[in-house]
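Participant:
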Amino acid sequence: MPYFPVAYCGPAAVPESLWLRWNTDPPLLVALAALAWLVASNRSANARAGWGAVALMALVFVSPLCALSSALFSARVTHHVILIAAVAPLLALAFPLPRLAHPPLVPVVAAHAVIIWLWHAPGPYAWGLATVPGYWLMQITLLGSAWLMWRSIFSPSLPTGPALMALVATIGHMGLLGALIVFAPVPLYVAHFATTAAWGLTPLADQQLAGLLMWVLAMIPYLAAGLSLVWSSLRVREPAL
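101 is the number that the UniProt record's numbering gives to position 101 of the sequence shown; each next residue is one higher, with no gaps.
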């Protein structure tokens with residue numbers, strides 16, 4: 001079977017050495033340190049959200065999850081879900097950049113959907129893992145488009161209705177993508193054909209697990225955000241006693 005090497009996170013992790021596979025790439029550590037400095041120096045609108053974003057970015061890029069995502073498509077999907085459904089909203093809360101104009105919500109949601117589907121198509125996915133520029137283009141476009149969407153959703157000027165529709169649309173298209181991955185009759189992600197056996201999985205089983213994670217796990221943050229928006233809207237409408 002063809003095999004595409006994973007360029008950035010290094011060779012695929014194996015169970016015996018997983019916890020030794022920390023990523024100490026200097027530019028990455030400098031970038032995370034700079035983000036932490038912005039939060040620590042009170043340059044963020046929400047320090048708790050800022051520290052949460054720093055911690056989760058360390059999890060997906062520095063911890064052994066990076067090397068594990070070289071081995072398993074399910075680990076890579078977990079990485080992506082954390083990036084777009086947890087890191088992005090936390091960054092949107094911490095750095096809303098209120099002076100920056102908000103683009104129209106519908107094109108932002110649509111562009112984010114296209115980017116998610118594009119990077120989880122087998123061809124672009126394999127290319128995104130095979131080169132360092134491709135890898136970072138994947139990460140930056142996923143995170144950047146998600147940040148733009150969450151920033152609009154959290155904007156005080158956006159009514160609750162459109163914000164909820166954006167969340168529902170995202171849940172819907174990610175659920176559809178997850179279902180297509182789950183029910184694909186053959187393994188599609190060649191970057192992991194030679195690396196799943198060490199973890200007791202076939203490429204197809206790994207792919208099905210990844211689809212379930214995108215279908216079910218990814219839904220939770222969006223549902224939580226929707227419930228929070230509804231609760232906040234109801235509280236605002238409560239008459240003063």
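C-beta atoms are modelled at their ideal positions from N, C-alpha and C, and glycine is treated no differently.
Only a predicted model underlies this, so the values are computations on that prediction, with no experimental measurement involved.
Compare the C-alpha of L209 against each of Y189, P221, A55 and name the closest.
Facilitator: Position 209 of the sequence shown, counted from the start, is the residue given in the question as residue 209. The shortest Cα separation from L209 among Y189, P221, A55 belongs to Y189.
Participant: What are the complete alpha helix (DSSP H) segments, minimum 4 residues, inside the region 77-135?
Facilitator: 88-94, 105-119, 122-130
Participant: Taking contact to mean at least 3 C-beta pairs separated by less than 8 Å, is the region 146-154 in contact with the region 176-189?
Facilitator: In this structure the region 146-154 does not lie against the region 176-189, because fewer than three pairs of beta carbons, one per stretch, are closer than 8 Å.
Participant: Can you find the residues in the same chain that come closer than 6 Å, C-beta to C-beta, to G50, ignoring five residues on each side of it along the sequence?
Facilitator: Numbered from its first residue, the sequence shown carries residue 50 at position 50. Excluding positions up to five away in sequence, the list reads V39, S44, A94.
Participant: Drop a sphere of 10 angstroms on the beta-carbon of V223, count the other beta-carbons inside from all chains shown, and report buried for 16 or more, exposed for fewer.
Facilitator: Reading the sequence shown from its first residue, position 223 is the one you call residue 223. According to the sequence displayed, residue 223 carries Leu and not Val. Taking every protein chain shown into account, the CB of L223 has fewer than 16 other CB atoms within 10 angstroms, so this residue is exposed.
Participant: Tell whether a beta-carbon distance below 7 Å holds between P221 and A85.
Facilitator: Your numbering for residue 221 matches position 221 in the sequence shown. Your numbering for residue 85 matches position 85 in the sequence shown. Against a cut-off of 7 Å, the Cβ pair of A85 and P221 comes out as a contact.
Participant: Whole angstroms are fine: how far does the CA of L56 sit from the CA of L83?
Facilitator: Locating residue 83 in the sequence shown gives position 83, where the first residue counts as 1. Locating residue 56 in the sequence shown gives position 56, where the first residue counts as 1. Cα-Cα distance, rounded: 8 Å.
Participant: What does a CB cutoff of less than 7 Å around L65 pick up in its chain, not counting 5 residues either side in sequence?
Facilitator: As a first step, residue 65 is located in the sequence shown; it is residue number 65 there, counting from the start. Excluding sequence neighbours, L65 sits near L59, A75, H79.
Participant: Are A7 and T131 closer than 7 Å when you measure CB to CB?
Facilitator: Counting from one through the sequence shown, the residue named residue 7 turns up at place 7. Counting from one through the sequence shown, the residue named residue 131 turns up at place 131. Yes.
Participant: Using a 10 Å radius around the Cβ and a threshold of 16 neighbouring Cβ atoms, would you call T170 buried or exposed?
Facilitator: In the sequence shown, the residue the question calls residue 170 occupies position 170. The residue in question, T170, is buried, as its Cβ has 16 or more Cβ neighbours within 10 Å.
Participant: Using three-state DSSP, classify V186 as helix, strand or coil.
Facilitator: Indexing the sequence shown from 1 puts residue 186 at position 186. Of the three classes helix, strand and coil, the one that applies to V186 here is coil, per DSSP.
Participant: Between the alpha carbons of A166 and A36, how many angstroms are there, rounded?
Facilitator: By one-based count along the sequence shown, residue 166 stands at place 166. By one-based count along the sequence shown, residue 36 stands at place 36. So the alpha carbons of these two residues sit roughly 30 Å apart.
Participant: According to DSSP, is G144 helix, strand or coil?
Facilitator: Your numbering for residue 144 matches position 144 in the sequence shown. If DSSP states are grouped into helix, strand and coil, G144 belongs with the helices.
Participant: Below 8 Å on the Cβ atoms is my contact criterion, and I expect M214 with V54 to pass it. Report the Cβ-Cβ distance as a whole number of Å.
Facilitator: Here residue 214 corresponds to residue number 214 of the sequence shown, with the count starting at 1. Here residue 54 corresponds to residue number 54 of the sequence shown, with the count starting at 1. That belief does not hold up - the Cβ atoms of M214 and V54 are roughly 25 Å apart, past 8 Å.
Participant: Apart from the five residues just before and just after V109, which ones in its own chain have a Cβ nearer than 7 Å to its Cβ?
Facilitator: As a working note, residue 109 is residue 109 in the sequence shown. Cβ neighbours of V109 beyond the five flanking positions: M149, A166, A169, T170.
Participant: Taking the alpha-carbon of L100 as reference, which of S155, Q139, S233, G161 has the nearest alpha-carbon?
Facilitator: For this step, residue 100 is matched to residue 100 along the sequence shown. Of S155, Q139, S233, G161, the residue nearest in Cα terms is S155.
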